[in-house]
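Q: Residue numbers (this note's numbering): 1 to 240.
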Ligand code: ADP
Ligand code: MG
């Protein structure tokens, strides 16, 4: 579903991604861990075309990112992204937040968009908040709306960039629970997270990024219990 080969990205003189290579299969759940500034967000942003790539190749759900003829808007329709900050539209109700892109981009009728939005909000446990304003919700509820909004486009892949990092600790669990349900339903997901227990429980493989390269990637039991790379071990000793 995702093939990446020697992906390179610079910001000015800073060589941020220095040759990322990986293969991610349909329905795989990958958690990405690594120190701050190592390129995790940049990697995710490249995968859905928010950043251009400067070297190497990446194919995401059949879209070749290195090809200038690739329709990046079409790519983005098939790749949902959830950020640390929820970025809901504050002047729209929760339901309208979910209806906008399906109506504008997918040309769904208002009624079809409403039905889809209602079902998704029920799925994330917010069936009673259809007409609420985003700012009246807790951070955990807002993040669940953001996830539902991404799902309303029926993406093939979901990318999460530290989705629980901005939340009060007592609200983290409700967001992780929604992500776990998605994982169990077979969604292909890449999740940048500091929630090591979640990564261990939910991911098929964990990717450790440091200094702009994948230093180690493997099943969570192996990577957490018997890391092969000394950098992985050093990082884990600080966070576990
Ligand atoms: P992480 O998500 O692992 O913390 P990032 O991918 O956000 O790391 O950033 C990796 C490096 O790239 C950092 O040194 C950061 O300062 C730099 N960087 C990220 N985005 C930009 C940008 N838009 N312009 C310049 N430098 C950037
Ligand atoms: Mg980041």
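Beta carbons: idealized from backbone N, C-alpha and C, even for Gly.
Hey, which unbroken runs of the alpha helix (DSSP H) at 4 residues or more fall wholly within the segment 120 to 158?
A: If we require 4 residues or more, the alpha helix (DSSP H) runs fully inside the segment 120 to 158 come out as 139 to 151.
Q: Could you pull out every residue in the same chain whose Cβ sits closer than 7 Å to the Cβ of residue 113, ignoring the five residues on either side in sequence?
A: Same-chain partners within the cutoff: 99, 102 and 103.
Q: Could you tell me the boundaries of the alpha helix (DSSP H) in which residue 2 lies?
A: Not the alpha helix (DSSP H): residue 2 falls in the beta strand (DSSP E), residues 2 to 11.
Q: Would you mind working out which of 119, 38 and 28 sits nearest residue 220, comparing C-alpha positions?
A: Selected option, being the one with the closest Cα: 28.
Q: Which residues count as close to ligand 1 when the rule is a CB under 5 Å from any of its heavy atoms, in chain order?
A: Taking each Cβ in turn, the ones that pass are 11, 16, 36, 37, 38, 39, 40, 41 and 42.
Q: What residues are listed by DSSP as bridge partners for residue 59?
A: DSSP lists 3 and 64 as partners of residue 59.
Q: Return the Cβ separation of residue 34 and residue 208 in integer angstroms, given the expectation that the two are a contact with Cβ distance under 8 Å.
A: About 6 Å separates the two Cβ atoms, so the contact holds.
Q: Is it the case that the segment 66 to 86 contacts the segment 118 to 133, given that we only count it when at least three CB pairs across the two stretches are under 8 Å?
A: Result no; under three Cβ-Cβ pairs closer than 8 Å.
Q: Count the other C-beta atoms from every protein chain shown that fall within 10 angstroms of the C-beta of residue 205, then say buried if there are 16 or more, exposed otherwise.
A: Result: buried.
Q: In this structure, does DSSP put residue 189 in helix, strand or coil?
A: The answer is strand: DSSP assigns residue 189 an E or B state.
Q: If you reduce the DSSP assignment to three classes, tell me which class residue 54 lands in.
A: Reduced to three states, the DSSP call for residue 54 is coil.
Q: Should residue 97 go down as buried or exposed, given a rule of 16 or more other Cβ atoms within 10 Å for buried?
A: Buried, by the Cβ-count rule.
Q: At a cut-off of 7 Å, is residue 51 close to ligand 2 when judged by its beta-carbon and the heavy atoms of the ligand?
A: It does not: the Cβ of residue 51 is nowhere closer than 7 Å to a heavy atom of ligand 2.
Q: How long is the line joining the alpha carbons of residue 168 and residue 69, rounded to whole angstroms?
A: Roughly 43 Å between the two C-alpha positions.
Q: Roughly how many whole angstroms lie between the Cα atoms of residue 163 and residue 109?
A: Going by the C-alpha atoms only, they are around 30 Å apart.
Q: Can you check the segment 63 to 113 for any alpha helix (DSSP H) of at least 4 residues that lies completely inside it and give the ranges in chain order?
A: Here the runs fully enclosed are 72 to 78 and 94 to 104.
Q: In terms of residue numbering, what span does the alpha helix (DSSP H) encompassing residue 181 cover?
A: Unbroken alpha helix (DSSP H) run through residue 181: 169 to 184.
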